Each structure stands twice: as structure tokens, then as C-alpha cells.
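Chains as they are written, first to last, in our numbering: chain X, 1 to 86; chain W, 1001 to 1148. Here a beta-carbon is modelled for each residue, glycine too, at the ideal position from N, C-alpha and C. Source: prediction; values computed, not measured. One structure is given here, and the rest of the page talks about it.
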């Protein structure tokens, strides 16, 4: 019985550590320069959390440039960070 | 059953904390994105993952499991209250619901997710207390038997 308990705990630890590494070390578009879309085109978004935030989860907040194309990156609505004067 | 509950809570907290440390820069950004004073960020970015790791370690060992379960319940209640205030538009804006794979969840789904883990931690505490009482009764019976 003790061996089963130990196996359950060990599996939980291995799954969580492995899962975190598997999802955390994937390519993340947020490491690329971020742009936001306005009527004037795509403009540099600045530093996330400092100069801008992404509100809610609907729509595309920022984009990245892939060759000549623009690819959506962060979800939400692009909003200048509260207290940050652009 | 108790081991299963502890394992699920360990998986949640260990996964969440390691994900934060693996992408610490993004976590700082995510924290700044939350409608809390940015002056709290340097404290919270260390306190939250360290607390999560501490709770996970406490849940592993039988001696500290009850403390780990109470810690899990406390932290999950705090997260649930925070999610509730977001959904009730208590703050001036609704931030992104970020963090590891869990970032795919909407705030409503987050609330259900948190409530599930609150229920799980509560069940764990009840089971652990019952187990402790049974052990105590068993020990008392054995003691009186040996005495006679």
C-alpha cells in the first residue's frame, strides 16, 4: 500500500515538472518584438506590462512580423498601461 | 483517496510555480498587467511561486500534509476571490487570464477551475482530520489494552 502511495506522489511530481518544462520551453511569440494594429498600420507596442497591457481575452492585442506577414500573438485588446504616458 | 487529492494539488501548484520560474520575465509582465499596484509586483512575483512550492512540499509528506491542505485551501480561496472581483468588474479593467496552459481559460472557466480545487482541498482536510481521529482512537485503545 505504501508503495502505491509513493508511486502516486512520484507520478504527480514527474508529471507537473515535465509538463511545466514541456509547455514552458516551447517557442513563445512574446519573445519577438510586439506590434499593435491601428488605422495607421502596425506600430511597436513597447514593453509588455510597463507600456501596454492586453485587456480581456477577445481579439488580437499584439502581432509579430513573420517575413512580410503579420501574425497575431497576444490575445485581448491593446491598451496603454495605466499610469503610463505614451 | 487522500493521496490522490494531494497529488492533484501538488500537480497544480508545482506546475504553476515551475512555469512561472521558467518564464519569469513574462510572469513579471503578467503581474504588471493585473489591476493591482505595480509596487506589489517585486514581492508577488517571488511570494506566489515560493508559496506554491512550499505547499507542494508540505503535501508530499504525511506529517505536514494537513498544513499543506490548509495552505492550498487558503491560496485557492484567495485566487477565487480575486477571480470573483475581476468578473464583478471591481477593478477599472479586465486583465488577461494568463499563466502556463491555464492561460487558455477564460475568467469564468477560471472561477469553476478554482472552485473545484477549493472543494478538493476542503475534502482533503476533512479526510485527513478523520484519519487523524481514527489513528488517535486506535492508539488510545492499544494503550488501554497494553495497560490492562
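Residue i: contacting residues in chain W (beta-carbon distance under 7 Å)
i: residue 19 of chain X; result: 1015
i: residue 48 of chain X; result: 1029
i: residue 5 of chain X; result: 1003
Whole-Å CB distance - residue i paired with residue j, under 8 Å assumed
i: residue 75 of chain X; j: residue 63 of chain X; result: So it is not a contact: roughly 11 Å between Cβ atoms.
i: residue 1065 of chain W; j: residue 1006 of chain W; result: 6 Å
i: residue 42 of chain X; j: residue 31 of chain X; result: That pair is no contact at about 18 Å.
i: residue 1002 of chain W; j: residue 1128 of chain W; result: 6 Å
i: residue 946 of chain W; j: residue 12 of chain X; result: The requested residue 946 of chain W is not part of the displayed model; chain W covers only 1001 to 1148.
Proximal chain W residues relative to residue i, where beta-carbon distance stays under 9 Å
i: residue 43 of chain X; result: Those do not exist, as residue 43 of chain X stays about 19 Å from chain W at its closest Cβ, beyond 9 Å.
From the options, residue whose alpha carbon lies closest to that of residue i
i: residue 1082 of chain W; options: W/1062, W/1110 and W/1124; result: W/1110
i: residue 1069 of chain W; options: W/1025, W/1120, W/1090 and W/1033; result: W/1120
i: residue 37 of chain X; options: X/1, X/65, X/81 and X/2; result: X/65
i: residue 156 of chain X; options: W/1056, W/1029, W/1146 and W/1074; result: Coverage of chain X is limited to positions 1 through 86, which leaves residue 156 of chain X absent and any answer about it impossible.
i: residue 44 of chain X; options: X/28, X/55 and X/70; result: X/70
Chain X residues whose Cβ lies nearer than 8 Å to that of residue i
i: residue 1060 of chain W; result: 9 and 13
i: residue 1063 of chain W; result: Those within 8 Å of residue 1063 of chain W in chain X number zero; the least Cβ separation is about 14 Å.
Any non-hydrogen atom of the ligand SAH within 7 Å of residue i CB
i: residue 1145 of chain W; result: The model depicted lacks the ligand SAH and carries no ligand whatsoever.
Residue i - partner residues in DSSP beta bridges
i: residue 72 of chain X; result: X/63
i: residue 18 of chain X; result: None, per the DSSP bridge assignment.
i: residue 79 of chain X; result: X/53
i: residue 35 of chain X; result: X/44 and X/63
Cross-chain neighbours of residue i in chain X, by beta carbon under 7 Å
i: residue 1052 of chain W; result: Within chain X, no residue comes near residue 1052 of chain W; the closest Cβ sits about 11 Å away, beyond 7 Å.
i: residue 1132 of chain W; result: The contacting residues do not exist; residue 1132 of chain W stays about 16 Å from chain X at best.
Chain-ordered neighbours of residue i on chain W, where CB pairs are closer than 8 Å
i: residue 24 of chain X; result: 1018, 1019, 1022, 1023 and 1100
Validate contact between the segment 1029–1048 of chain W and the segment 48–57 of chain X using beta carbons, cut 8 Å, 3 pairs: yes
Contact the segment 1010–1020 of chain W vs the segment 13–31 of chain X: 3+ CB pairs below 8 Å: yes
Inter-stretch contact (C-beta, 8 Å, three-pair minimum) for the segment 1082–1092 of chain W and the segment 1048–1064 of chain W: With a cut-off of 8 Å, the segment 1048–1064 of chain W and the segment 1082–1092 of chain W do not count as touching, because too few Cβ pairs lie within range.
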